[in-house]
Ligand SMILES: [Fe+2]
Ligand SMILES: [Fe+2]
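In my numbering, the protein residues as written are 23 to 534.
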């Protein structure tokens with residue numbers, strides 16, 4: 023659309039020259055010869071630019087310019103002043119009244135055209151920017167509600183991410199499969215609002231089928247009887263086509279469709295495979311949502327993320343269990359070596375380990391620490407491997423020199439196990455199981471709390487077993503007699519531990 027220009031000058035010849043030139047360039051023009059007419063025409067024609075002579079009858083150019091500015095608050099219409107007066111005065115006055123530029127008479131028409139082109143372009147740019155800003159402000163205003171909604175969604179996603187992060191941390195640190203499944207199930211229910219869920223897993227690496235591992239709000243009795251073969255049907259299909267599978271999907275056929283329908287009839291709607299390094303370890307089934315709504319794409323993403331975290335957790339837990347079994351069998355071999363040497367204390371380590379584990383249970387000590395106590399207790403006398411058999415089995419009193427050798431066994435034992443990575447945490451318990459609260463023990467003469475809780479437990483369990491079994495030099499005490507003895511030795515043994523042990527007897531968890 024052509025731009026319109028209002029040309030104002032008291033000299034009709036000047037108006038004509040300028041107007042003709044502008045029309046030749048494609049502009050629309052209007053003209054006025056005095057100030058009042060100029061403003062009237064301005065109001066009627068809404069020009070895109072005004073060329074304005076300073077010296078006009080009725081109202082001079084500065085006054086007209088002032089009034090134009092009060093009408094055009096956005097400064098969209100450039101005003102170019104024309105004057106024969108001294109440059110600096112007119113310019114100053116002109117800019118004060120809101121004019122964009124100034125042309126001195128006599129002027130070159132080319133100069134006028136160049137300035138007009140420039141100012142119109144600038145004015146267009148300003149107008150565009152303003153319009154965009156207005157649109158944005160408008161959208162922002164309209165979008166307040168949207169914004170709140172998006173913000174809520176964002177917060178939910180951040181929460182989901184944090185839950186996933188916490189979960190993968192939790193799942194990686196949980197080693198007890200039952201506990202791990204429990205956290206896994208609760209997370210799925212909490213995050214997705216799932217009505218029912220069930221996990222099938224390959225329990226033993228050798229198994230060629232998946233069996234029910236657990237679930238929530240499902241018919242456990244029925245599910246426990248089901249075997250899903252790992253190399254056919256749903257299991258194979260999901261390994262080949264990893265992703266969330268809708269059980270009523272029409273694209274299934276043969277045994278896959280049969281199993282899908284079967285699981286669907288048990289209340290499940292979707293299935294997702296738990297795969298680690300290309301190997302299937304489980305199939306996870308979920309029913310519909312509690313609120314009866316359909317799952318969203320985002321729900322499935324969260325579902326997959328949780329399943330993947332769980333998969334890693336399950337794998338870790340299996341490795342951990344495997345490792346723990348290896349540890350235990352290693353320990354058993356070591357223990358039998360000790361007992362083969364010391365005929366008097368046959369069964370001693372087993373019993374001490376048992377007492378220590380039960381005391382730890384009774385005291386509510388956490389699992390990891392309890393495992394360390396069990397290992398430490400089972401190994402506490404391993405240093406006796408370094409004590410000559412004839413000394414260990416000597417029926418008469420030991421000489422001072424022999425005692426010194428016997429008393430070296432905690433240190434010797436600690437040295438044996440300290441370099442075995444999986445037993446290093448039990449080193450302290452082995453080294454300090456003969457320390458006493460009053461500092462009268464060995465090898466380091468530690469006092470009170472300087473002796474770790476684990477070592478104090480093993481110390482009580484060890485002494486209790488020594489008191490309650492026959493030795494070549496004395497008869498065994500009864501359990502109640504041994505408790506009394508330990509209570510009297512309150513400067514040596516931790517009385518809290520002694521009372522926990524006595525309670526085990528009252529509860530019939532230990533017997534004579
Ligand atoms: Fe010992
Ligand atoms: Fe012992």
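Ideal Cβ positions, reconstructed from N, Cα and C, are used throughout, including at glycine.
Note that the coordinates shown come from a computational prediction; the quantities given were computed from them, not determined experimentally.
Which residues in the same chain have their Cβ closer than 8 Å to the Cβ of residue 180, if we skip the five residues on either side of it in sequence?
Here the model assigns residue 180 a pLDDT of 48, short of 50, so the residue's position is not dependable, and the following value carries that caveat. Result list for residue 180: empty, nothing under 8 Å.
Any chance you could list the alpha helix (DSSP H) runs of at least 4 consecutive residues sitting entirely within the segment 428-467, in chain order?
With a minimum length of 4 residues, the continuous alpha helix (DSSP H) runs that stay inside the segment 428-467 are 431-439 and 449-453.
Let's see if you can read the secondary structure: which residues bound the beta strand (DSSP E) around residue 265?
Per DSSP, residue 265 belongs to no beta strand (DSSP E) and is neither H nor E.
Can you give the Cα-Cα distance for residue 253 and residue 301, rounded to whole angstroms?
Residue 253 and residue 301: Cα-Cα distance of roughly 11 Å.
Indicate whether residue 293 and residue 274 have their beta-carbon atoms separated by less than 7 Å.
Not a contact, by the Cβ cut-off of 7 Å.
Measuring straight from C-alpha to C-alpha, what distance separates residue 29 and residue 37?
Going by the C-alpha atoms only, they are around 6 Å apart.
Could you tell me the distance, in whole angstroms, from the CA atom of residue 318 to the CA atom of residue 207?
19 Å
DSSP has residue 568 in a bridge; who is on the other side?
With the chain represented from 23 up to 534, any question about residue 568 goes unanswered, as that position is not in the structure.
Looking at the C-beta of residue 116, does it have a partner C-beta in chain B at a distance below 7 Å?
Here chain B cannot be found, since the structure has a single protein chain.
Nearest CA to the CA of residue 62: which residue from 93, 50 and 41?
93
Residue 406 and residue 370 - do their beta-carbons sit closer together than 7 Å?
no
What are the boundary residues of the alpha helix (DSSP H) that includes residue 377?
370-384
Buried or exposed: where does residue 522 fall if 16 or more other Cβ atoms within 10 Å of its Cβ makes it buried?
buried
For residue 472, count the other beta carbons within 10 Å of its own beta carbon; 16 or more makes it buried, fewer makes it exposed. Which is it?
exposed
If you reduce the DSSP assignment to three classes, tell me which class residue 180 lands in.
Low confidence applies to residue 180: its pLDDT is 48, below 50, so where it sits in the model is not reliable enough to give any reading.
Taking its Cβ as the centre, do 16 or more other Cβ atoms sit within 10 Å of residue 309, making it buried, or is it exposed?
By the neighbour-count rule (16 or more Cβ atoms within 10 Å), residue 309 is buried.
Taking the CB atoms as reference points, tell me whether residue 398 and residue 480 lie closer together than 7 Å.
Cβ atoms of residue 398 and residue 480: closer than 7 Å.
Within 8 Å, do at least three Cβ pairs link the segment 459-475 to the segment 409-421?
no
If you count every other CB in all the chains shown that lies within 10 Å of the CB of residue 304, and 16 or more means buried, which is it?
Buried, by the Cβ-count rule.
Contact between the segment 127-138 and the segment 83-92 is defined here as three or more beta-carbon pairs at a separation below 8 Å; is this criterion met?
no
Which class does residue 515 belong to by DSSP, given the choice of helix, strand or coil?
coil
So, under 8 Å CB-CB, residue 571 and residue 520 are touching, yes? Tell me the CB distance rounded to an integer number of Å.
Since the displayed the chain opens at 23 and closes at 534, residue 571 lies outside it and no answer follows.
Is there contact between the segment 275-282 and the segment 327-339, where contact requires at least three CB pairs shorter than 8 Å?
no
Is there at least one non-hydrogen atom of ligand 2 closer than 6 Å to the beta-carbon of residue 450?
no
Tell whether a beta-carbon distance below 7 Å holds between residue 307 and residue 290.
yes
Can residue 394 and residue 448 be called in contact, C-beta distance under 7 Å?
yes
Does residue 187 come out as helix, strand or coil in the three-state DSSP assignment?
No answer about residue 187 holds up, because its pLDDT of 49 lies below 50 and its placement is not dependable.
Rounding to the nearest angstrom, what Cα-Cα distance links residue 450 and residue 403 in this structure?
13 Å
Just verifying my parser: in three-state terms, what is the DSSP assignment at residue 473?
In the structure shown, residue 473 sits in coil (DSSP, three-state: anything other than H, G, I, E or B).
To the nearest angstrom, how far is the alpha carbon of residue 445 from that of residue 439?
6 Å
Can you look up residue 422 in the DSSP assignment and give me helix, strand or coil?
helix
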